[in-house]
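Enquirer: Taking the UniProt record's numbering, the leading residue of the sequence shown gets 1, the next gets one more, and so forth.
Positions of the beta carbon are idealized from the N, C-alpha and C atoms, including for glycine.
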Amino acid sequence: MWLFKKEEGEEEEEKEEEERRRRRKKKKKKEEEEEEEEEEEEEEEEEEEEEVNVGPLLLVPVNCHCWKMQKSAKNKVFHTFKSQRVAPASVSGRLIALSRSPWFQIRIVQAPGSPEHFHLGLLFFYCDYIMENQLAKSIEERTFQYQGSLPSLPVPSLKESLKKYLESVKPFANEEEYKKTEEIVQKFENGVGEKLHQKLLERAKGKRNWLEEWWLNVAYLDVRIPSQLYVNFVGPSPHFEHCWPAMEGTQLERGSIILWHNLNYWQLLRREKLPVHKSGNTPLDMNQFRMLFSTCKIPGIARDSIMNHFRTESEGHCPTHIAVLCRGRAFVFDVVHEGCLITPPELLRQLTYIYKKCSSEPVGAGVAALTSEERTRWAKAREYLIGLDPENLTLLEKIQTSLFVYSMEDTSPHVTSEDYSEIFEMLLAGDPAVRWGDKSYNLISFANGLFGCCCDGSEKVRDIPLPEELVFTVDEKVLNDIYQAKAQHLKGASDLQIAAYTFTSFGKKVTKKEALHPDTFIQLALQLAYYRLHGRPGCCYETAMTRYFYHGRTETVRSCTVEAISWCQSMQNPSTSLLERHQKMLQAFEKHNKMMKECSNGKGFDRHLLGLLLIAKEEGLPVPELFEDPLFSRSGGGGNFILSTSLVGYLRVQGVVVPMVHNGYGFFYHIRDDRFVVACSAWRSCPETDSKKLVQMTFHAFHDMLQLMNTAHL
1 MWLFKKEEGE EEEEKEEEER RRRRKKKKKK EEEEEEEEEE EEEEEEEEEE
51 EVNVGPLLLV PVNCHCWKMQ KSAKNKVFHT FKSQRVAPAS VSGRLIALSR
101 SPWFQIRIVQ APGSPEHFHL GLLFFYCDYI MENQLAKSIE ERTFQYQGSL
151 PSLPVPSLKE SLKKYLESVK PFANEEEYKK TEEIVQKFEN GVGEKLHQKL
201 LERAKGKRNW LEEWWLNVAY LDVRIPSQLY VNFVGPSPHF EHCWPAMEGT
251 QLERGSIILW HNLNYWQLLR REKLPVHKSG NTPLDMNQFR MLFSTCKIPG
301 IARDSIMNHF RTESEGHCPT HIAVLCRGRA FVFDVVHEGC LITPPELLRQ
351 LTYIYKKCSS EPVGAGVAAL TSEERTRWAK AREYLIGLDP ENLTLLEKIQ
401 TSLFVYSMED TSPHVTSEDY SEIFEMLLAG DPAVRWGDKS YNLISFANGL
451 FGCCCDGSEK VRDIPLPEEL VFTVDEKVLN DIYQAKAQHL KGASDLQIAA
501 YTFTSFGKKV TKKEALHPDT FIQLALQLAY YRLHGRPGCC YETAMTRYFY
551 HGRTETVRSC TVEAISWCQS MQNPSTSLLE RHQKMLQAFE KHNKMMKECS
601 NGKGFDRHLL GLLLIAKEEG LPVPELFEDP LFSRSGGGGN FILSTSLVGY
651 LRVQGVVVPM VHNGYGFFYH IRDDRFVVAC SAWRSCPETD SKKLVQMTFH
701 AFHDMLQLMN TAHL
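1. Looking at L526 and T394, is the spacing between their C-beta atoms short of 7 Å?
2. DSSP three-state call for G452: helix, strand or coil?
3. If you draw a straight line from the alpha carbon of L211 to that of H534, how long is it in whole angstroms?
4. Return the chain-ordered list of same chain residues with a C-beta closer than 7 Å to the C-beta of A379, the five sequence neighbours on each side being excluded.
5. Taking the beta carbon of G655 as the centre, do at least 16 other beta carbons fall within 10 Å, making it buried, or is it exposed?
6. Contact between the region 465-481 and the region 328-340: three or more CB pairs below 8 Å?
7. Which two residues bound the contiguous beta strand (DSSP E) that contains Q497?
8. For V658 and chain D, any beta-carbon pair shorter than 7 Å?
9. Assess contact between the region 213-229 and the region 158-168, defined as three or more Cβ pairs (one per stretch) separated by less than 8 Å. Is contact present?
10. Hey, D495 and S685: beta-carbon distance below 7 Å or not?
11. From this set, A493, Q569, L269 and V661, which residue's C-alpha is nearest E141's C-alpha?
12. DSSP three-state call for S83: helix, strand or coil?
13. Between S152 and R208, how many whole angstroms is the CB-CB distance? I'm expecting something under 8 Å.
14. Measure the alpha-carbon distance for E563 versus A173 and round it to whole angstroms.
15. Nearest by alpha-carbon distance to I322: which of A433, T295 and T411 is it?
16. Using alpha carbons as the reference points, say which of C540, Q251 and I423 lies closest to A499.
17. Suppose you measure from the CA of E397 to the CA of Q251; what does that come to, to the nearest Å?
18. Does the beta-carbon of Q707 have 16 or more other beta-carbons within 10 angstroms, so that it is buried, or is it exposed?
19. Between A588 and the ligand NAD, is the CB less than 6 Å from at least one heavy atom?
20. DSSP state of C296, grouped into three classes?
21. Return the chain-ordered list of same chain residues with a C-beta closer than 6 Å to the C-beta of L259, the five sequence neighbours on each side being excluded.
22. With C-beta atoms as the reference, is T181 less than 7 Å away from D606?
23. Count the other CB atoms within 10 Å of the CB of L621; is the residue buried (16 or more) or exposed (fewer)?
24. Tell whether a beta-carbon distance below 7 Å holds between S305 and G437.
25. Suppose you measure from the CA of T282 to the CA of H317; what does that come to, to the nearest Å?
26. Look up F521 in the DSSP assignment and say whether it is helix, strand or coil.
27. Looking at N640: is its Cβ nearer than 7 Å to the Cβ of V661?
28. Whole angstroms is fine: what's the gap from P345's alpha carbon to R652's?
29. To the nearest angstrom, how far is it from the Cα of N442 to the Cα of E409?
30. Give the C-beta separation of F233 and C455 to the nearest angstrom, bearing in mind that I take them to be a contact with Cβ-Cβ under 8 Å.
31. May I ask you to list the residues that DSSP assigns as paired with E555?
32. So what's I342 in DSSP terms, helix, strand or just coil?
33. For residue 770, which residues from the same chain have a beta carbon less than 6 Å from its beta carbon, with the 5 sequence-adjacent residues on both sides left out?
34. Tell me whether the beta-carbon of E248 lies closer than 7 Å to the beta-carbon of N480.
35. Relative to the C-alpha of Q288, which residue among L626, M545 and S635 is closest?
36. Using 8 Å as the cut-off, can you tell me whether the region 544-558 makes contact with the region 594-606, which would need three or more C-beta pairs spanning the two stretches below that distance?
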């Protein structure tokens, strides 16, 4: 080793050189920081000189994790504004933290008379341009590249599924009823159940997802109730909270920008640049993204069909037009011109043309209202419409193949960051003549610049073709069908009660600090609220995702467990100690968390039992006794869950569906660091239910649970 020993002079020289490098690096960093500060000061000075009025504050997601990149993004936007001669404007920006993603906060300063849409459109254009470039550089994976390597959906163990089923019915049975159900289950397991299970295993050998086709048919295509009100999922846009408060006269300008963002999302999917969703490093199934655009249900007499025309660029041609519904009339126009997406100003031109035409001419027949009808009646009305004039089929196909439907409402719902109730009601129960209930995606705009959706999720304007109006041939029968469709829709809509409120006392941060899963926290609070309001357990469906598997979608978590009800009873019993209540609550948490994990890993039992029932039907066998047992439906089986619930996510997206049964509730929620946002639906005609009371009692339960945790620490 002595051969490699350095002399003392060499070591000192190396140390000096290292020190010089460190000083140079420090000096360079300081110069860069000073340069950035000077740029900010220059921008602030220009802002003071030119400021006349302050435009809206925008929160633009920038897909990077480096302030330097965001700084250059801001400068690019700023210099772009400065290069325009339409009106002086300045842009200031800073990095803020929302959820776990960096966002770029930009405030626009514009001169009087300068059009809002120009500044907003330009801003969004350049921010999205930057985002897409960053996306292309940072993402090598293609959106659908892992589809072929995802594992097949497994068939659970029959013994385990039946054991879990028996556990799930316990809260709804007395001793005698449970004993009888136990005997039925044992008989099923040792008899026809095993035979059906073997046939299900055979089916699974030939299909990567043995459930997919069945679930699509049973849950969606075989259902005969009207889709628009009773099946579809709706939710408001979150833009009003921070950048776009309700304001009359902004519908068209804001609509052009919202549309442009949606079209960019479509383009990301077409180019397979949307990042693959993952849980840790495990890719999730992305197939449902194929169904977002250019997808439509076609009504059938006994069963609907579904048409999907979306293709990636590598797969070939894809439709490039959207449909717009306004005041009972329908229009289409292409969103790609000369190989590029049309710009926000160009979209504004198209929307303005449609709006002015519909405002100055009579209201249309409202053929779209037929899609809100009972499915078989709509199928018959559609056949008649096509028979009346073959051109009607061509017009229908233009709507069916469109990327999505853009609906222009005349109403102006009231909404605040703490009360979403009215906008939810209008999204679900709005004018059926401007909704195409069969489309996978309806983007809905209101007169006051608010937006929502209904799902089955340069200043120069080029000389592009004006929108084409789709004028259907109708007669007295068709007009009567439309009238009847509107009447039944409005009757159901008037019965709908929605309470959508925000709980602001605390959120995910506090529950995490207490080592309580926030989703489970809300589920148990709901169980306690229902128990207090109705004096009995409420069978509950919570959605678990199964996207670890090929074309995986959902499984049912039955949240109303023995442990949950035992805890609810202890909370209502004054003689139960705080320690015992605390212990029971933790046991309920543990049980729910375990069930969610098992269901997500393909070890739930509800879809398994459905598969066994459908095998029996396909084989022409009698319906097994297990499925006719009163406890099967009383515990929620067969689509009889009193509480139909789902976590929408941890961002700002919110939604709701109607209850699964007449005396039930739809209960959807999203979770943030500092709040929980809940949307609950019920039917006014049911004397038992009250969505507003249930939400209020759920919020009360939140406080009780946190107090229980705090007391336990003493």
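Expert: Once the coordinates are examined:
1. Taking the first residue of the sequence shown as position 1, residue 394 is located at position 394. Taking the first residue of the sequence shown as position 1, residue 526 is located at position 526. No, they are not a contact pair.
2. Numbered from 1 along the sequence shown, position 452 holds the residue referred to as residue 452. G452: strand per DSSP, three-state reduction.
3. Here the question's residue 211 lines up with position 211 in the sequence shown. Here the question's residue 534 lines up with position 534 in the sequence shown. Rounded to the nearest angstrom, the two C-alpha atoms are 35 Å apart.
4. Working through the sequence shown from its first residue, we reach residue 379 at position 379. Correct list, in chain order: P299, G300 and I301.
5. One-based indexing of the sequence shown puts residue 655 at position 655. So G655 ends up on the buried side.
6. yes
7. Counted from its first residue, the sequence shown places residue 497 at position 497. Segment L496 to F503, the beta strand (DSSP E) holding Q497.
8. Reference to chain D is not applicable here, since this structure consists of a single protein chain.
9. Two segments are said to touch when three or more pairs of C-beta atoms, one from each, lie closer than 8 Å; by this definition the region 213-229 does not touch the region 158-168.
10. Walking along the sequence shown from the start, residue 495 turns up at place 495. Walking along the sequence shown from the start, residue 685 turns up at place 685. In this structure, D495 sits near S685, with a CB-CB distance shorter than 7 Å.
11. On the sequence shown, position 141 is the one that residue 141 refers to. Checked all of A493, Q569, L269 and V661; the closest Cα to E141 is L269.
12. Position 83 of the sequence shown, counting from 1, holds the residue named residue 83. For S83, the pLDDT reaches just 43, beneath the cut-off of 50, and the residue's location in the model is therefore unreliable, although a value from the coordinates is still provided. Three-state DSSP puts S83 in a helix.
13. Within the sequence shown, residue 152 is the residue found at index 152, counting from 1. Within the sequence shown, residue 208 is the residue found at index 208, counting from 1. Taking a contact as a CB-CB distance under 8 Å, the pair S152 and R208 counts as one, their CB atoms being some 5 Å apart.
14. For the purposes of this step, residue 563 is identified with residue 563 of the sequence shown, where counting begins at 1. For the purposes of this step, residue 173 is identified with residue 173 of the sequence shown, where counting begins at 1. Those two C-alpha atoms are separated by around 15 Å.
15. Counting from one through the sequence shown, the residue named residue 322 turns up at place 322. Nearest C-alpha to I322: T295.
16. Your numbering for residue 499 matches position 499 in the sequence shown. Comparing Cα positions, the closest option is I423.
17. Reading the sequence shown from its first residue, position 397 is the one you call residue 397. Reading the sequence shown from its first residue, position 251 is the one you call residue 251. If I take the Cα positions, the gap works out to 28 Å.
18. Taking the sequence shown and counting its residues from 1, one reaches residue 707 at position 707. With fewer than 16 other Cβ atoms within 10 Å, it is exposed.
19. Only the bare structure without any ligand can be found here, which leaves the ligand NAD out of the picture.
20. Translated into the one-based positions of the sequence shown, residue 296 becomes position 296. Judged by DSSP in its simplified three-state form, C296 adopts strand.
21. By 1-based counting over the sequence shown, the position of residue 259 is 259. Only L347 meet the Cβ criterion.
22. Along the sequence shown, read from residue 1 onward, the residue named residue 181 stands at position 181. Along the sequence shown, read from residue 1 onward, the residue named residue 606 stands at position 606. In this structure, D606 does not lie closer than 7 Å to T181 by Cβ.
23. Stepping through the sequence shown from its first residue, residue 621 is reached at position 621. Burial is judged here by how many other beta carbons sit within 10 angstroms of a residue's own beta carbon; L621 has fewer than 16 and is exposed.
24. Against the sequence shown, residue 305 aligns to sequence position 305. Against the sequence shown, residue 437 aligns to sequence position 437. Cβ atoms of S305 and G437: not closer than 7 Å.
25. Your numbering for residue 282 matches position 282 in the sequence shown. Your numbering for residue 317 matches position 317 in the sequence shown. Each residue's Cα considered, the two are about 31 Å apart.
26. Taking the sequence shown and counting its residues from 1, one reaches residue 521 at position 521. In the structure shown, F521 sits in a helix (DSSP, three-state: H, G or I).
27. Walking along the sequence shown from the start, residue 640 turns up at place 640. Walking along the sequence shown from the start, residue 661 turns up at place 661. Against a cut-off of 7 Å, the Cβ pair of V661 and N640 comes out as a contact.
28. Locating residue 345 in the sequence shown gives position 345, counting from the first residue. Locating residue 652 in the sequence shown gives position 652, counting from the first residue. If I take the Cα positions, the gap works out to 27 Å.
29. The residue you call residue 442 lines up with position 442 of the sequence shown. The residue you call residue 409 lines up with position 409 of the sequence shown. Whole-angstrom Cα-Cα distance: 12 Å.
30. In the sequence shown, the residue the question calls residue 233 occupies position 233. In the sequence shown, the residue the question calls residue 455 occupies position 455. Rounded, the Cβ-Cβ distance is 5 Å, consistent with contact.
31. To locate residue 555, count along the sequence shown from 1; it is residue 555. Its beta-bridge partners are A544.
32. The residue you call residue 342 lines up with position 342 of the sequence shown. I342 falls in the coil class under three-state DSSP.
33. Here the chain has residues from 1 to 714 only, and residue 770 is not among them.
34. Locating residue 248 in the sequence shown gives position 248, counting from the first residue. Locating residue 480 in the sequence shown gives position 480, counting from the first residue. No, the Cβ-Cβ distance between E248 and N480 is not below 7 Å.
35. Counted from its first residue, the sequence shown places residue 288 at position 288. When C-alpha distances from Q288 are compared across L626, M545 and S635, the shortest belongs to M545.
36. yes
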